[in-house]
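Chains as they are written, first to last, in the numbering used here: chain A, 1 to 80; chain B, 1 to 80; chain C, 1 to 151; chain D, 1 to 151. Every residue, glycine too, gets a C-beta built ideally from N, C-alpha and C. A quick write-up on the structure given underneath.
Below is the structure:
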């Protein structure tokens, strides 16, 4: 089972209560991991409103996670 | 016959060789005055490319000139 | 042609100076300012948080796209991060071009794409002490309020 | 909301400061710069001459029209007159608005109308010593050249 690094920003950081953590993944895809974390930590945003980045690039939620991946779940942005 | 003040700018000032003059008008309209001055001073711009201002407002070339009018013939502009 | 994040105040005059170019006849700049109201609420200050490595990559991509789409001579964008007070510059875009049409269009393209795509988030602080992450409101959630953040 | 002619160098930073407004979220500015080429000729400097009383009236009318057409919070325009060197700012337009779309459109409107309507003329000085009043060329006339001005 892959061990990954997750970094949280903005509303997810506040709802998780920390900025990053190491996790051993028991699901296959980034989207499945978000759903698991959302239920565990009561994230308010549904997966449909989240974008995913792995190793500092945007990827689809169907991306399979691999050992040492750095994963970021991106809430709706509001720059500018 | 009305006595008027004419002010020249840019290419007309250079072609006339002075910036302003007092004239006693022997024609009726501003456009007719321009044609007269154009022939007298060999202005290169035809009336069709000139706009006319009287007393610091745009007017049509058909405007009748009156005593003490301040007349400006406006070559094609190039601000900005 | 640069994109960067800035933790310190943005200086538009200095940034414009970097774009000076005798071949350019037109310069268009956009500044996003922190304003005192948003959707009817009195804003006191705000915070920008960025996922920096990806924001910098995506910002550079936006500038490259603008350069491909429009005939410009130079362009740059700086986005502020951290805690900002009213009136501060949150984002700056500058574009030079031979002619003004391309400069206007490129500047508009850069700010539109930056707002839509950069992984940057904004938290507004309101007069009463409440806060909200903009665009992150959900059903049953009071305007995205994080007045009672979980532990 | 002001239009004016300036015989001295334009200071965009100072002009932008005058438009500061905590209700505005967007600021768009346009600067016209003296560039080193025009239609294939090497430009060394240029002169702007204005029919000041009418230029000021017409400039104020353009700003009033922009305010009526677009939802802006502030706007201003300054046009330089006199002899300008390469890189100098010939014209500056600044617009603030709550939202960026209106600020971009109003700035574009003001500069387009200013260029088309203000009674201001531009004489370019070229590398070889020749000069030309821009837009004033006529048939049989070498690009409007006034290299041999009549007495």
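Item                                                                                                                       : Value
One or two residues paired with residue 23 (chain A) in a DSSP bridge                                                      : A:4
CB contact check: residue 142 (chain C) to chain D, cutoff 8 Å                                                             : No answer about residue 142 (chain C) holds up, because its pLDDT of 47 lies below 50 and its placement is not dependable.
Per-residue DSSP class, three states only, for residue 5 (chain D)                                                         : strand
Within-8 Å CB hit, residue 9 (chain C) to chain D                                                                          : no
Through-space distance from residue 79 (chain A) to residue 117 (chain D), alpha-carbon basis                              : 38 Å
DSSP-derived helix/strand/coil call for residue 64 (chain D)                                                               : helix
Residue 80 (chain C) at chain D interface by Cβ criterion, 8 Å                                                             : no
As assigned by DSSP and simplified to three states, the class of residue 82 (chain B)                                      : Nothing can be reported for residue 82 (chain B), as the shown portion of chain B is limited to 1 through 80.
Within 8 Å, strictly: CB atoms of residue 29 (chain C) and residue 94 (chain C)                                            : yes
Chain A within 8 Å of residue 105 (chain C), Cβ atoms only                                                                 : no
Paired residues, beta bridge with residue 77 (chain C) - DSSP                                                              : C:3, C:93
Reduced DSSP category for residue 51 (chain D) - H, G, I as helix; E, B as strand; rest coil                               : coil
Element boundaries [beta strand (DSSP E), containing residue 31 (chain D)]                                                 : 26-33
C-beta atoms of residue 98 (chain D) and residue 73 (chain D) nearer than 8 Å                                              : yes
Opposing strand residues paired with residue 74 (chain B) [DSSP bridges]                                                   : B:51
Backbone CA spacing between residue 36 (chain C) and residue 86 (chain C) [nearest angstrom]                               : 6 Å
Cβ contact (3+ pairs, closer than 8 Å) linking the segment 75-83 of chain D and the segment 14-34 of chain D               : yes
Amino acids of chain D, ordered along the chain, whose beta-carbon sits closer than 7 Å to that of residue 45 (chain B)    : 136, 138
Contacts that residue 31 (chain A) makes with chain C (C-beta to C-beta distance below 8 Å)                                : Residues of chain C passing the Cβ test: none, with the nearest at roughly 18 Å.
Residues of the segment 111-135 of chain C with Cβ closer than 9 Å to any Cβ of chain D, in chain order                    : 111, 112, 115
Euclidean distance between Cα positions of residue 100 (chain C) and residue 18 (chain A)                                  : 47 Å
Residue 77 (chain A) versus C:107, C:114, C:42, C:43, residue with shortest Cα-Cα distance                                 : C:114
Reference residue 1 (chain B); option with closest CA among B:59, B:20, B:48, B:69                                         : B:69
Sequence-distant residues of its chain with Cβ nearer than 8 Å to residue 29 (chain A) (five each side left out)           : 61, 62, 63, 64, 65
Residue 90 (chain D), buried or exposed, once every other Cβ within 10 Å from all chains shown has been counted against 16 : buried
Rounded separation between residue 24 (chain D) and residue 42 (chain B) - CA only                                         : 53 Å
Beta-bridge partners of residue 126 (chain D), as assigned by DSSP                                                         : D:43
Chain A contact for residue 53 (chain C) (CB, 8 Å cutoff)                                                                  : yes
Secondary structure of residue 108 (chain D), DSSP reduced to three states                                                 : helix
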